[in-house]
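Colleague: My questions will all concern the structure given below.
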Amino acid sequence: MNSNTITKGILKAIAIVVGVLALLYFLYKVQAIIIYLAIAGVVSLIGRPLIRFFKLKLKFPETLAVIITILLFFGLLLGIASMLIPLIIKQSENLSLLNMDELQANIQDLLNEINDYFLTYNINLFNEIKNIDLFQNFKIIPNFLNSVIETIGNIGVGLFSVIFIAFFFMKDTHLMENSIYVLVNDKNEIKLRKSLSTIKNLLSRYFIGLIFQITILFVIYTIVLLIFGIENAIVIAFLCALLNLIPYIGPLVGGVIMLFLTMSSNLGQDFRTEILPTTIYVMIGYIFAQLIDNFISQPLIFSKSVKSHPLEIFIIIMIGGFLFGVTGMIIAVPTYTAIKVILKAFLADNKIVKSLTKNL
């Protein structure tokens, strides 16, 4: 091997590294557009059954079917916004009027009582806890909620972009596929077409399954909150159910939000005899809903739609979370499903691929 060959090899390696870095930098700069495309793709997949229903059952023209589907999605989003925005404003007002010193004193008294109980057994579990200023950080929440309201305008831009892109994805279902086929040769095009068709079917079932999952949680949360007379029960239930889309973290955040909103909806009542018992009962109902979701809803969705083992799903979600945060956790399952389908089409003889895709 002469010096020219070595030099060419080094230059080629440098060029590849620079090219990869440039591509990553470009993707980083246009990440907002990529997110819009991804969300629009999800919307189009969810909308496929509706469009098919309008076309086949009601005999609507394709364009009209797409427009009606888009309007239904838009109406759903407007309905969600009309529920959430008043709730945010009201909670912000409640927090601004909240007597934090009085609420902290109630919590401190409760901790002292618990501590006294354990002291009878010579256990000082709450020796440190009772001195913690539990609510010192709550004072920043009104400012945070106000900043959330200010970002609604920016969300509007993204919403318009997603709806615009989703319209063309729904109207021309092969729009993105045709642009991908250009990148492969004729030999692989047939495999790719079959793979994309399988991916669309699997992901459509997956996202529709998620809708059923959210609906089940929403119904249970609503019943629990209405039983205990919590204000804005439907809005709180919907918000907490929606957060369940974020694997593992979402239910925890939803639980904190439900706890906080349950307590804030009973402000003015006695803490130990009213607020605390009601909050405990509501959280028991929340845990019950999560048990149903974890042991019934999720196994059915994952096994019937993406055809993956629960442990396999857990590992993939964790990897997605470590690499891309919350967004990575949300997109981990559909992305992994798409990759498995493509690997099965192009590397069907590989032992690892066979093992991972045997149920597809």
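Positions 7 to 366 (my numbering) are the ones given, in order, by the sequence shown.
Cβ atoms here follow ideal geometry from the backbone N, Cα and C, with glycine treated the same way.
For residue 304, report the span of its alpha helix (DSSP H) as first-last.
Modeller: Counted from its first residue, the sequence shown places residue 304 at position 298. Element bounds for residue 304: 304-307.
Colleague: Take residue 267 as the anchor and find which of 254, 281 and 83 has the nearest alpha-carbon.
Modeller: Counting from 1 along the sequence shown, the entry for residue 267 is found at position 261. Answer by Cα proximity: 281.
Colleague: If I'm right that residue 359 touches residue 353 with Cβ under 8 Å, what's the distance once you round it to whole angstroms?
Modeller: Mapped onto the sequence shown, residue 359 falls at position 353. Mapped onto the sequence shown, residue 353 falls at position 347. Right, the Cβ-Cβ distance comes to about 5 Å (below 8 Å), so this counts as a contact.
Colleague: State the Cα-Cα distance for the pair residue 89 and residue 246, rounded to the nearest angstrom.
Modeller: Working through the sequence shown from its first residue, we reach residue 89 at position 83. Working through the sequence shown from its first residue, we reach residue 246 at position 240. So the alpha carbons of these two residues sit roughly 13 Å apart.
Colleague: Report the residue from 296, 295 and 343 whose alpha carbon sits nearest the alpha carbon of residue 313.
Modeller: Taking the sequence shown and counting its residues from 1, the one referred to as residue 313 is at position 307. Per the Cα distances, 343.
Colleague: Alpha carbon to alpha carbon, how far is residue 361 from residue 193?
Modeller: In the sequence shown, the residue the question calls residue 361 occupies position 355. In the sequence shown, the residue the question calls residue 193 occupies position 187. Cα to Cα, residue 361 sits roughly 25 Å from residue 193.
Colleague: Given a threshold of 16 other Cβ atoms within 10 Å of its Cβ, counted over all protein chains shown, does residue 80 qualify as buried or as exposed?
Modeller: Position 74 of the sequence shown, counted from the start, is the residue given in the question as residue 80. Its Cβ having fewer than 16 others within 10 Å, residue 80 is exposed.
Colleague: CA-CA distance, residue 85 and residue 16?
Modeller: As a position in the sequence shown, residue 85 is number 79, starting the count at 1. As a position in the sequence shown, residue 16 is number 10, starting the count at 1. Distance between the alpha carbons of residue 85 and residue 16: 59 Å.
Colleague: When DSSP labels each residue in this structure, what does residue 35 get in the three-state scheme?
Modeller: Locating residue 35 in the sequence shown gives position 29, where the first residue counts as 1. The answer is helix: DSSP assigns residue 35 an H, G or I state.
Colleague: Is it the case that the stretch 288-307 contacts the stretch 217-234, given that we only count it when at least three CB pairs across the two stretches are under 8 Å?
Modeller: Yes: at least three Cβ pairs fall under 8 Å.
Colleague: On the DSSP letters alone, give me the boundaries of the alpha helix (DSSP H) that residue 354 sits inside.
Modeller: In the sequence shown, counting from the first residue as 1, residue 354 sits at position 348. No alpha helix (DSSP H) holds residue 354; DSSP gives it neither H nor E.
Colleague: Let me know if residue 221 comes out buried or exposed under the rule of 16 or more other beta-carbons within 10 Å of its beta-carbon.
Modeller: To locate residue 221, count along the sequence shown from 1; it is residue 215. Label assigned to residue 221: exposed.
Colleague: Using a Cβ-Cβ cut-off of 8 Å (strictly less than) and excluding sequence neighbours within five positions of residue 60, which residues of its own chain qualify?
Modeller: The residue given as residue 60 occupies position 54 in the sequence shown. Only 66, 70, 71, 74 and 75 meet the Cβ criterion.
Colleague: Just the Cα atoms here: how many angstroms apart are residue 38 and residue 83?
Modeller: As a position in the sequence shown, residue 38 is number 32, starting the count at 1. As a position in the sequence shown, residue 83 is number 77, starting the count at 1. Between residue 38 and residue 83, the C-alpha separation is close to 20 Å.
Colleague: Report yes or no: do the stretch 204-222 and the stretch 304-323 share at least 3 C-beta pairs separated by less than 8 Å?
Modeller: Yes, the stretch 204-222 is in contact with the stretch 304-323.
Colleague: Just to confirm the assignment: which complete alpha helix (DSSP H) runs, minimum length 4, are found wholly within the stretch 268-298?
Modeller: Complete alpha helix (DSSP H) runs here, min 4: 282-298.
Colleague: Could you check which residue in 23, 319 and 47 has the C-alpha nearest to that of residue 174?
Modeller: In the sequence shown, residue 174 corresponds to position 168, counting from 1. Taking only the C-alpha atoms, the option nearest residue 174 is 47.
Colleague: Output the distance between the C-alpha atoms of residue 45 and residue 279, rounded to the nearest integer angstrom.
Modeller: As a first step, residue 45 is located in the sequence shown; it is residue number 39 there, counting from the start. As a first step, residue 279 is located in the sequence shown; it is residue number 273 there, counting from the start. Near 46 Å, if we compare the C-alpha coordinates of residue 279 and residue 45.
Colleague: Measuring alpha carbon to alpha carbon, tell me which residue in 283, 350, 340 and 34 is nearest residue 234.
Modeller: Walking along the sequence shown from the start, residue 234 turns up at place 228. Nearest option by C-alpha distance: 283.
Colleague: If you run the structure through DSSP and keep just helix, strand and coil, what is residue 194?
Modeller: Along the sequence shown, one-based indexing puts residue 194 at 188. Helix.
Colleague: For the alpha helix (DSSP H) that residue 244 lies in, which residues bound it at each end?
Modeller: Taking the sequence shown and counting its residues from 1, the one referred to as residue 244 is at position 238. Counting along the chain, the alpha helix (DSSP H) containing residue 244 begins and ends at 239-249.
Colleague: Quick one: what does DSSP say residue 313 is sitting in, helix, strand or coil?
Modeller: Start at 1 with the first residue of the sequence shown, and residue 313 comes out as number 307. Looking at residue 313 - three-state DSSP - the assignment turns out to be coil, as it is neither helix nor strand.
Colleague: In this structure, does DSSP put residue 375 in helix, strand or coil?
Modeller: The requested residue 375 does not occur in the structure, where the chain is confined to residues 7 to 366.
Colleague: Give the DSSP-derived three-state secondary structure of residue 67 in the structure shown.
Modeller: By one-based count along the sequence shown, residue 67 stands at place 61. In the structure shown, residue 67 sits in coil (DSSP, three-state: anything other than H, G, I, E or B).
Colleague: To the nearest angstrom, how far is the alpha carbon of residue 34 from that of residue 10?
Modeller: As a first step, residue 34 must be located in the sequence shown, where it is residue number 28. As a first step, residue 10 must be located in the sequence shown, where it is residue number 4. C-alpha separation (whole angstroms): 36 Å.
Colleague: From residue 36 to residue 330, what distance separates their C-alpha atoms?
Modeller: Working through the sequence shown from its first residue, we reach residue 36 at position 30. Working through the sequence shown from its first residue, we reach residue 330 at position 324. So the alpha carbons of these two residues sit roughly 15 Å apart.
Colleague: Tell me whether residue 253 sits in a helix, a strand or coil according to DSSP, three-state version.
Modeller: In the sequence shown, counting from the first residue as 1, residue 253 sits at position 247. Note: residue 253 maps to coil in three-state DSSP.
Colleague: Measure how close the beta-carbons of residue 249 and residue 259 come, nearest whole angstrom, since I'm counting them as under 8 Å.
Modeller: The sequence position of residue 249 within the sequence shown is 243, counting from 1. The sequence position of residue 259 within the sequence shown is 253, counting from 1. So it is a contact: roughly 5 Å between Cβ atoms.
Colleague: Run the CB neighbour count on residue 271, radius 10 Å, all protein chains shown included, and call it buried at 16 or more, exposed below.
Modeller: Position 265 of the sequence shown, counted from the first residue, corresponds to residue 271. Flag for residue 271 reads buried.
Colleague: Any idea what DSSP makes of residue 364, helix, strand or coil?
Modeller: Looking up residue 364 in the sequence shown gives position 358. Residue state, collapsed to three classes: coil.
Colleague: State yes or no: is the C-beta of residue 206 within less than 8 Å of the C-beta of residue 68?
Modeller: Taking the first residue of the sequence shown as 1, we reach residue 206 at position 200. Taking the first residue of the sequence shown as 1, we reach residue 68 at position 62. For residue 206 and residue 68, no; Cβs fall outside 8 Å.
Colleague: According to the neighbour-count rule (16 or more other Cβ atoms, all chains shown, within 10 Å of its Cβ), is residue 355 buried or exposed?
Modeller: Walking along the sequence shown from the start, residue 355 turns up at place 349. With fewer than 16 Cβ atoms within 10 Å of its Cβ, residue 355 is classed as exposed.
Colleague: Where does residue 144 fall in DSSP's three states?
Modeller: Your numbering for residue 144 matches position 138 in the sequence shown. Low per-residue confidence applies at residue 144: pLDDT is 49, beneath 50, and the placement is therefore not dependable, though the value from the model is reported in the following sentence. Of the three classes helix, strand and coil, the one that applies to residue 144 here is helix, per DSSP.
Colleague: Using 8 Å as the threshold, is the C-beta distance between residue 337 and residue 327 below it?
Modeller: Start at 1 with the first residue of the sequence shown, and residue 337 comes out as number 331. Start at 1 with the first residue of the sequence shown, and residue 327 comes out as number 321. Against a cut-off of 8 Å, the Cβ pair of residue 327 and residue 337 comes out as no contact.
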